[in-house]
Amino acid sequence: MKLSLPLAMLLALSFAPAARAANEADYKAAYAAAEAASKEAAGMRNQWTVTISALAAARKAADGGDFDRAVAASKEAEALAKASIVQANSEKEAWKAMEIR
Amino acid sequence: MKPRSALLLGSLSAALVAFALTSPRVVAADKVDPVADAKAFRNFFFQKFPDVKHEDFVNGPYSMNADMKRQWQEKEEFPPYEFALDAGKEMFATPFKNGKTYADCFPNGGIGIRQNYPYFDEKEGKVVTLELALNRCREANGEAPYSYVKDEMASLTAYMAFTSRGKPMDIRIPDDPRALAAFENGKRYFYTRRGQLNFSCASCHVQSPGERIRAEILAPALGILNAMPIYRSEWSGMGTTSRRFVTCNSQTRAVPLEPQADEYRDVEYFLSYVANGLPISGPGARP
């Protein structure tokens, strides 16, 4: 009985599918999503430098054939762009709290 | 049923009276009032730094720290912006290819007018800064515009600021809703957080003047543009107002706008207006 749990875990691990390496299609999808969010942020005149850097890193990794890294950088860029959109929207009113009156 | 109706009617009336009493305040708070804004802005700094002479705010970090001020006063005997002043004076006097000069583009031949910039151009419906006016002068006379962030523009504005030294900033806001909108837009830009670091201009220059950010002492926002352009030791060279805005944005990890974007013109208008009455001290020198 005591052995059954580690054995079950070992079996589960051995049958678990190995993490699939990202391919070019994954990268293109992730990059397109990041680029769309980035364009939206730029349209709000609230682009972040780190978003641009992450997009550039994604392109560089993809050019070198490292699609795992390219997808990770694209996702980072998308998250940063979305954060800058949230910032721009919240600051439409929040700036007034900073104002000297 | 009747008492119930009376109670309902009474509550409704009370709510309407309460709304009527509070709503004018809301409207008043949202009304653009540059005079009140400037007064509040100045009072904030005067009260926060009661020992700083009012006209000294234009000296930025040197008004906040006695040791730095002594060093700066010694440096002023051989100021690092002197080469830019000489270059600017020569450039200002040198005719364009068509024989005209900058003096032909400005009131009073361009001498002693820095304190009136930026101004609101009612024909264009926008704010016109001194840097923009200089490039428009060049283009009107068949010359290529200068970069807004490089030495030529800094030299020209350094010379023009020098001819206005000691004159009180005198920015007008005409009775034009577009001018009020530009002022309000500049104010919004000044207080809006941006960049991954989530900083607004006010985060440094209202909340923390006199404090250190890394090795630098932050300047107060009041009178911050009176010293422009500046020689910055950090840059090993001169910097225009445009350069200052662009680098401030980059430092918060925000992508800077294009120099002389409407937002930059408007924030220059706002910051200059609230510094009305304080002397022009440019060109300045900063660490």
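Top to bottom, those sequences are chains A and B.
So my numbering is basically just the index in the first sequence, starting at one, shifted up by 1215.
So my numbering is basically just the index in the second sequence, starting at one, shifted up by 250.
Positions of the beta carbon are idealized from the N, C-alpha and C atoms, including for glycine.
For the pair Val517 (chain B) and Phe440 (chain B), the CB atoms are nearer than the 8 Å cut-off. Flagged as an interface residue toward chain A: Phe291 (chain B), by a C-beta distance shorter than 8 Å.
Remark: C-beta atoms of Tyr519 (chain B) and Pro368 (chain B) approach each other more closely than 8 Å. Assigned with DSSP and collapsed to three states, Arg1235 (chain A) falls in coil, not helix or strand.
When beta bridges are read from the DSSP output, Gly1258 (chain A) appears opposite no residue. With the criterion set as a beta carbon lying under 9 Å from some beta carbon of chain A, the region 386-401 of chain B has no members that meet it. Phe295 (chain B) is classed as buried because its beta carbon has at least 16 other beta carbons within 10 Å across all chains shown.
Taking a C-beta cut-off of 8 Å against chain A, the contacting residues of the region 431-450 of chain B are Lys437, Arg438, Tyr441, Thr442, Arg443, Arg444, Gly445, Gln446, Asn448, Ser450, listed in chain order.
Between Ala504 (chain B) and chain A, the shortest Cβ-Cβ separation is below 8 Å. Residues of the region 1254-1287 of chain A whose Cβ lies closer than 7 Å to any Cβ of chain B, in chain order: Arg1260, Asn1261, Gln1262, Trp1263, Thr1264, Val1265, Ile1267. Nearest neighbour of Ala1269 (chain A) by Cα position, chosen from A:Ala1257, A:Met1259, A:Glu1250, turns out to be A:Glu1250. Around the beta-carbon of Ser405 (chain B), 16 or more other beta-carbon atoms lie within 10 Å, marking it buried.
It is roughly 33 Å from the alpha-carbon of Gly392 (chain B) to the alpha-carbon of Ser500 (chain B). Glu1306 (chain A) reaches chain B at Thr442, Arg443, counting residues in chain order whose Cβ is nearer than 7 Å.
Per DSSP, reduced to three states, the secondary structure at Val524 (chain B) is helical.
Here Trp1263 (chain A) is bridged, per DSSP, to B:Ala504. When 8 Å is used as the limit between beta carbons, Val517 (chain B) is near no residue of chain A, the shortest such separation being about 12 Å. Cβ-Cβ distances below 7 Å link Tyr523 (chain B) to Pro284, Ala288, Ile421, Ile423, Phe433 in the same chain, with the five nearest sequence neighbours on each side left out; the list follows chain order. Closest in C-alpha terms to Ala1288 (chain A), from the list A:Ala1245, A:Ala1236, A:Ala1256, A:Ala1234, comes A:Ala1245. Pro459 (chain B) sits in coil when the DSSP states are folded into three classes, being neither helix nor strand. Using a Cβ distance threshold of 8 Å, Ala471 (chain B) and Cys451 (chain B) count as a contacting pair. Taking CB atoms only, Ala452 (chain B) has a neighbour in chain A less than 8 Å away. In terms of Cα proximity to Gly359 (chain B), the closest of B:Leu384, B:Ala337, B:Glu372 is B:Leu384. Judged by their CB atoms, Ala535 (chain B) and Ile467 (chain B) are not nearer to each other than the 8 Å cut-off.
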